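Below: one structure, written as structure tokens.
As structure tokens, this is what we get:
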């Protein structure tokens, strides 16, 4: 398990919240105190809540679950895309399109158009169109790729949505709540933790803090995939062992009943 340590959290500045005047009172239980007008987040709570979130991700992925990484603010964009790709999951790191969760069928049609364009480009079908039309299609495809490229192979709704800055990603939060999808998010001192299924108290503005926590969520995904493989291997090994035992066991020849044996004896 790749949990996060107090030392790592301190070095990444995860404990720095916002100015005290900008806080959300619902974050009170997660605040250690204030320094120079800045709220300090209680990192013991961060460690505690992160372990719960981590274990939930591992268990969900081990059972075939999908995690969607979301972070469209500039500080989060690179970490969100890179870590989602590293663990083989999906992401939204530019604009969240309304309906990505609540109207997935419409989003799926847009993804289908994007894939059709990519297929036409791949097999040179695109060359049959006039240049002006090709330019228009390329422009539309680029726009779709920017918004949907990270989820074009997702195939279905995710089981978990991991969010950096739920205040900024309020539409994603609302859609997650409406669809009943579990939300896991970094909640800064100005956030409402009650909106999140698995809140992680921490700095959602510093690049190092975002990178650290996002990378550990990706590690949880990888641990979940590894656990799934181990379970599958254990089942396969058990089935093979049972098959070998069955093959090695000689067939049981039942003795005939006494009456049949007597009838088979030749008469004197």
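In the working numbering, the protein residues as written are 218 to 485.
We put the beta carbon where it would ideally sit given N, CA and C, even for glycine.
On a predicted model such as this, the values are computed, not experimentally measured, just so you know.
What is the residue span of the alpha helix (DSSP H) that residue 364 lies within? 348 to 365
I need the DSSP call for residue 438, collapsed to helix, strand or coil. helix
Measure the beta-carbon distance from residue 439 to residue 378 and round it to whole angstroms, keeping in mind my assumption that it falls under 8 Å. With a Cβ gap of about 18 Å, residue 439 and residue 378 do not count as contacting.
Measuring straight from C-alpha to C-alpha, what distance separates residue 402 and residue 413? 7 Å
Whose C-beta lies closer than 6 Å to the C-beta of residue 279 among residues of the same chain, with five residues either side of it excluded? 441, 444, 445
Hey, quick one: how far does the beta strand (DSSP E) through residue 220 stretch, first residue to last? Premise fails: residue 220 is in no beta strand (DSSP E) and is neither H nor E.
Does the beta-carbon of residue 320 have 16 or more other beta-carbons within 10 angstroms, so that it is buried, or is it exposed? exposed
Residue 283 in three-state terms, based on DSSP: coil
Boundaries (first-last residue) of the alpha helix (DSSP H) holding residue 325: 321 to 339
Cβ shell of residue 300 (< 6 Å), same chain only, five flanking positions each side left out: 431, 432, 435
Under a three-way DSSP split, which group does residue 401 fall into? strand
Is the number of C-beta pairs between the segment 311 to 319 and the segment 283 to 298 that are closer than 8 Å three or more? yes
For residue 231, name the three-state secondary structure that DSSP assigns. coil
By a C-beta neighbour count over all protein chains shown, 10 Å radius and 16 as the cutoff for buried, is residue 380 buried or exposed? buried
Give me the Cβ distance between residue 257 and residue 419, rounded to the nearest whole Å; I'm assuming they're in contact under 8 Å. Rounded, the Cβ-Cβ distance is 11 Å, inconsistent with contact.
Sequence-distant residues of the same chain with beta carbon closer than 6 Å to residue 201, five excluded per side: Within the shown structure, residues of the chain are numbered from 218 to 485, placing residue 201 beyond reach of any answer.
Cα-Cα separation between residue 266 and residue 292, rounded to whole angstroms: 23 Å
Using DSSP with H/G/I as helix, E/B as strand and the rest coil, what is residue 251? strand
Would you call the CB atoms of residue 332 and residue 369 closer than 9 Å? yes
Is it true that the CB of residue 270 sits closer than 9 Å to the CB of residue 426? no
In the DSSP assignment, find the alpha helix (DSSP H) that holds residue 388 and state where it starts and stops. 387 to 396
Taking the alpha helix (DSSP H) that residue 297 belongs to, which residues open and close that run? 291 to 303
Hey, quick one: how far does the beta strand (DSSP E) through residue 417 stretch, first residue to last? 415 to 418
Along the chain, where does the beta strand (DSSP E) that runs through residue 377 open and close? 377 to 381
Using DSSP with H/G/I as helix, E/B as strand and the rest coil, what is residue 368? coil
In whole angstroms, what is the alpha-carbon distance linking residue 241 and residue 220? 27 Å
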